[in-house]
Amino acid sequence: MKHTSGQLKKVLAYILAILLLAGGIFLAVCFIRFGIRIKPWEETGETEETAAAEETLRPEEGDGREPEEAGEWDSPAENRPAAGEIFSGKKEETGENACGEEKTQTPEAYEPPDLMLASDLHYLSPSAHDDGSAFRKMVAADDGKPSQYSEEMTDALLAEAVRARPSALILSGDLTHNGERQGHLELADKLRRVQEAGVPVLVIPGNHDIKNPMAAVYFGDEKQAAENLDSGEEFYEIYREFGYDGAISRDSASLSYVYVLDDTHWVMMLDSCQYEDKNHVGGRIREETLAWMEEQLSLAAEKEISVLPVAHHNLLSESRLYKTECTLENGGQVTELLEKYEIPLYVSGHLHAQRIKKHREEPGAEDHVYGVTEIVLGPYSIPPCQYGYLRWDEENRLAFETREADVASLAAASGGEDEILLQFDQKGTELVRQTIRDQLSKTRFAVPEGAAELMKNLYANLYVDYCAGYPIDRKSVTSTRGYGMWLRAAPDSKYVKEMEEMMEDASVSHRQWTQK
Numbered sequence: 013m014k015h016t017s018g019q020l021k022k023v024l025a026y027i028l029a030i031l032l033l034a035g036g037i038f039l040a041v042c043f044i045r046f047g048i049r050i051k052p053w054e055e056t057g058e059t060e061e062t063a064a065a066e067e068t069l070r071p072e073e074g075d076g077r078e079p080e081e082a083g084e085w086d087s088p089a090e091n092r093p094a095a096g097e098i099f100s101g102k103k104e105e106t107g108e109n110a111c112g113e114e115k116t117q118t119p120e121a122y123e124p125p126d127l128m129l130a131s132d133l134h135y136l137s138p139s140a141h142d143d144g145s146a147f148r149k150m151v152a153a154d155d156g157k158p159s160q161y162s163e164e165m166t167d168a169l170l171a172e173a174v175r176a177r178p179s180a181l182i183l184s185g186d187l188t189h190n191g192e193r194q195g196h197l198e199l200a201d202k203l204r205r206v207q208e209a210g211v212p213v214l215v216i217p218g219n220h221d222i223k224n225p226m227a228a229v230y231f232g233d234e235k236q237a238a239e240n241l242d243s244g245e246e247f248y249e250i251y252r253e254f255g256y257d258g259a260i261s262r263d264s265a266s267l268s269y270v271y272v273l274d275d276t277h278w279v280m281m282l283d284s285c286q287y288e289d290k291n292h293v294g295g296r297i298r299e300e301t302l303a304w305m306e307e308q309l310s311l312a313a314e315k316e317i318s319v320l321p322v323a324h325h326n327l328l329s330e331s332r333l334y335k336t337e338c339t340l341e342n343g344g345q346v347t348e349l350l351e352k353y354e355i356p357l358y359v360s361g362h363l364h365a366q367r368i369k370k371h372r373e374e375p376g377a378e379d380h381v382y383g384v385t386e387i388v389l390g391p392y393s394i395p396p397c398q399y400g401y402l403r404w405d406e407e408n409r410l411a412f413e414t415r416e417a418d419v420a421s422l423a424a425a426s427g428g429e430d431e432i433l434l435q436f437d438q439k440g441t442e443l444v445r446q447t448i449r450d451q452l453s454k455t456r457f458a459v460p461e462g463a464a465e466l467m468k469n470l471y472a473n474l475y476v477d478y479c480a481g482y483p484i485d486r487k488s489v490t491s492t493r494g495y496g497m498w499l500r501a502a503p504d505s506k507y508v509k510e511m512e513e514m515m516e517d518a519s520v521s522h523r524q525w526t527q528k
């Protein structure tokens, strides 16, 4: 047995030596034939050619690009394809493995687009005022916009866009305070930096942006006329790189265009403003633009592409409080066209109140019956400085939520010392309330001063919640002492009527929506 065992060990040793020799010969052949360089701790599949190409694509040292800090933003779209890239998520890449055998590489899973949307920035350049009496008078008479912080609020929005890295940042008009050329130029510079960071920016004009006779600067106790934009062509020249030059189709009659997000999703940016003869507050879609829309919607339907229309003016009658010059003059015609192609959602701004409403052919129609839904974005320029986030899911259904920009964090990171900016999440909305209270103070009520304060506080609180789209509970409001004082002191005043309208409009939240 011992002798047999020794022979067996020798045979096994010979076999092992032969296998090792064969393996060495096989590897040598691979080295000679394919030039493969394999490190003992990793297999890279890298050749001299791919290494050189990769080196070319790496950012040069000192180019100013820093990696995104971990945890800085809960991005829904990491590792997104390049801006405007059309892809299906189905294509596979092929190549050869280390020994020349063909291989198949499965790409990353397809992620539907997500969008960051804001409206009514009303950007005012710091160079347009000296914070003097004329400027403060303008702010005091406005609808709550703290224009003294316009730049900081705008910068906070754009910083969040860079951190979130959506498929696109969409701005649906009223980009500037009153159409001041300097404001347009400065805002375009800011938007350019967002695009350079890899986030496409898409813009359309609002009624404040073109041929606005109210364009002004404020120095000392004087308001002076400022240079504005005299035509749509001037708007295009300033903003052409923000959607227009990358569009697959442009309407020849307006500043409308179609932008491709990916193979199955388009954004239709609609110019609803009227500025040919003079600046108009109200909006209308031109007849030529309607024909262009039909062509684009028909093409999209043929290719099974989802289309999101975005405009400045409202599609539907959205507010009991704001009734005039908000809804498109031909809104019914536009609604009919969108519903012909079963468009689920239309996004707008202009109203200065966050609203969500579904078009119903008949009053009381059940929820499951199709009708286009409109989301009206609240005014970003009025704190809490909110914007919308919209995304498609894997089943191509839309979901929307309202978010608030973090102005305070940007102020702190910039080393600012302004206490209002550093606590803007609370003090920003307090600025709005104070403006509204001061405006109410001009009306005298036959009540003690303490009661008048209760009345003003109630109205101001309702106003802030209404603009932001928060639900307002009627019972909670009408049971307050402030409301009781309103009914006693001024039951027939316009303010009581406006509070009733706000409560009716805001009986439910207008801050989230999911496509059914």
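If you read the sequence shown in the numbering used here, its first letter stands for residue 13, the second for the next number, and so on.
Glycine included, C-beta positions come from ideal geometry on N, C-alpha and C.
Between R445 and the set C479, E416, G428 and T455, the nearest pair of CA atoms involves C479.
Our two residues, V381 and K370, have alpha carbons roughly 10 Å apart in a direct line. Inclusion of L363 and V322 in the CB contact set at 7 Å is not warranted, their separation being larger than that value. In the three-state DSSP reduction, P138 falls in the helix class (H, G or I). Boundaries of the alpha helix (DSSP H) harbouring A425: V419 to A425, taken from the DSSP string.
Taking a 10 Å sphere around the C-beta of L203, we find 16 or more other C-beta atoms and assign the residue as buried.
Three or more Cβ pairs closer than 8 Å define a contact, and the region 153-168 falls short of that threshold against the region 339-355. Here R367 carries a strand assignment [DSSP, helix/strand/coil].
By the Cβ rule, the region 231-248 counts as touching the region 185-204, because three or more pairs are nearer than 8 Å.
DSSP, reduced to helix, strand and coil, places K509 within a helical segment of the structure shown.
With respect to the C-alpha of Y256, the residue from D430, L470 and L214 having the closest C-alpha is L214.
The DSSP-derived three-state label of S393 is coil. Judged by their CB atoms, H141 and Y230 are nearer to each other than the 7 Å cut-off. Under the criterion of beta carbons closer than 8 Å, L327 and Y358 qualify as touching, at roughly 5 Å. Comparing alpha carbon positions, the residue from R523, T447 and E510 closest to A153 is T447. The three-state secondary structure of V206, taken from DSSP, is helix. Contact between Y482 and S421 is ruled out by a C-beta separation of about 22 Å, above the 8 Å threshold. Within 10 angstroms of the beta-carbon of S266 lie 16 or more other beta-carbons, which makes it buried.
Only residues of its own chain outside the window of five on either side were considered, and among them G383 have a CB closer than 7 Å to the CB of E373, listed in chain order. Contact check for I216 against G185 passes: the beta carbons are separated by less than 7 Å. By the beta-carbon neighbour count (other beta carbons within 10 angstroms, threshold 16), T188 is buried. In this structure, DSSP gives L187 a state outside helix and strand, which the three-state scheme calls coil.
Apart from the 5 residues on each side of it in sequence, P138 sits with its Cβ closer than 6 Å to the Cβ of E163 in its chain, given in chain order.
The beta carbon of D126 lies closer than 8 Å to those of P88, A89, P178, S179, Y401, L402, R403 and W404 in the same chain, with the five residues before and after it left out. S318 sits in a strand when the DSSP states are folded into three classes. DSSP places Y495 in no beta strand (DSSP E) but in the uninterrupted alpha helix (DSSP H) bounded by R493 to A501.
The three-state secondary structure of Y271, taken from DSSP, is strand. Within a 10 Å sphere around the beta-carbon of R456 sit fewer than 16 other beta-carbons, which makes this residue exposed.
Assigned with DSSP and collapsed to three states, Q524 falls in strand. S331 and A146 have their C-alpha atoms spaced approximately 32 Å apart. Of the candidates A365, M128 and I484, A365 places its Cα closest to the Cα of K335. Taking one beta carbon from each stretch, the region 512-521 and the region 484-495 have 3 or more pairs nearer than 8 Å; the two touch.
Per DSSP, F412 is one residue of the beta strand (DSSP E) stretching across L410 to E416. Judged by beta-carbon spacing, I432 lies beyond the 7 Å limit of G156, meaning their Cβ atoms are not closer than that value. Here F231 is bridged, per DSSP, to E234. Annotated three-state conformation of M226 is coil, per DSSP.
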